[in-house]
Amino acid sequence: MTTEWDPTLTSPQLEQLTRSLGDPAKDLVILAEGNTSQRLDDDRIVVKASGANLATCTAADFVVVSVSEVMELVLSEEATQADLTRVLDAGMHEGRQRRGSIEALIHAAVQSVAPAAFVAHTHPTDVIAILASVHAETEFDRAVYSDEAVVVGRPLFVPYAQPGLDLGRVFHQRLVERFEEDGALPSLVLLGNHGILTIAETPEGAEAISLMAVKSARVRLRAHAAGGTAPLTHEAVAKYVARDDISERRQHLSGTAGRGA
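Taken in order, the sequence shown gives residues 13 to 273; the numbers are from our numbering.
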């Protein structure tokens, strides 16, 4: 058994982030949607277990997954979904089957490219509305207001793939390409017809990026209702985020200072 159940390794920060993202008022997830993870000091992450509700989760609703073992499946052409289920299975504990979410793959893929303290995956209604539209791939190419540029930076778009190994492979490939291009992980990943992934060094950062993504989607939807968006130019954004005062503000707002803008 490669995945472990050890509630003592779930930090209070990860618990708090997870429950906060599950707050129904934020419209990030419903039911057992979404998952969060935190990197440990070794080759492992603590990730939410399958079927656990973000809003009510406790330390017992997480499992510890080996990044290298999960990525071995992602990079193997022979690996099957059954192999993934086996690797993520932590067994029966306190009368419940504990198994890592199949979306643990995208959390592991982030860590395989570059270390990141916290990763959060949610399904915000307004963002998915755009990601399920004909404009999904290009709608977030340019920021439409200044705080979006500061907190979110330049999102990475990943086309739809079935959750599990298919998504893990496409996600990993696109993330590697972006990292090679920018030399840094994106703060926000947009998953076509699916949801978002936020990457940050603090739980506050992971939540701030998630909420800003929701606002960014709502601004776009309302702008289109008013005739269309008028995005900021790449040059204007680059000049703005390069300012010392804005760089400091970005760090305080989202804990993502240094990530590609």
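For each residue, glycine too, the CB sits at the ideal point set by N, CA and C. In this text the structure is predicted, and so the values were computed from the model without any measurement.
Determine the burial state of residue i: buried for a count of at least 16 other Cβ atoms within 10 Å of its Cβ, exposed for fewer.
i, result
"A102", "buried"
"K60", "buried"
"M83", "buried"
"M104", "exposed"
"P24", "exposed"
"R111", "buried"
"G180", "buried"
Could you give the distance in angstroms between the alpha-carbon of residue i and the alpha-carbon of residue j?
i, j, result
"Y172", "A121", "16 Å"
"D55", "S78", "6 Å"
"A155", "H236", "14 Å"
"K251", "L21", "42 Å"
"C69", "V76", "15 Å"
"T15", "A72", "14 Å"
"A132", "A238", "32 Å"
"L29", "A218", "8 Å"
"T345", "E106", "Residue 345 lies beyond the range of the chain shown here (13 to 273); nothing can be said about it."
"A212", "G240", "31 Å"
"G189", "E81", "Looking at the sequence provided, one finds Glu at residue 189 rather than Gly. The straight-line gap from Cα to Cα measures roughly 22 Å."
"W17", "V58", "9 Å"
"D257", "V162", "11 Å"
"E216", "A242", "30 Å"
Could you spell out the range, first to last residue, of the beta strand (DSSP E) harbouring residue i?
i, result
"F74", "F74 to S78"
"D55", "Premise fails: D55 is in no beta strand (DSSP E) and is neither H nor E."
"A12", "Since the first residue of the chain shown is 13 and the last is 273, residue 12 is not available in this structure."
"Q109", "R108 to R111"
"T30", "First-last for T30: P24 to L33, but that is the alpha helix (DSSP H), not the beta strand (DSSP E)."
Can the beta-carbon of residue i be found less than 8 Å from the beta-carbon of residue j?
i, j, result
"L202", "L143", "yes"
"V170", "R186", "yes"
"L66", "L33", "yes"
"P136", "I208", "yes"
From what residue to what residue does the alpha helix (DSSP H) around residue i run?
i, result
"F332", "Nothing about residue 332 can be read from this structure; the chain reaches only from 13 to 273."
"T137", "T137 to L143"
*Three or more C-beta pairs closer than 8 Å, one from the stretch 90-98 and one from the stretch 29-47: is that the case here?*
Three or more beta-carbon pairs separated by less than 8 Å are not found between the stretch 90-98 and the stretch 29-47, which leaves the two stretches without contact.
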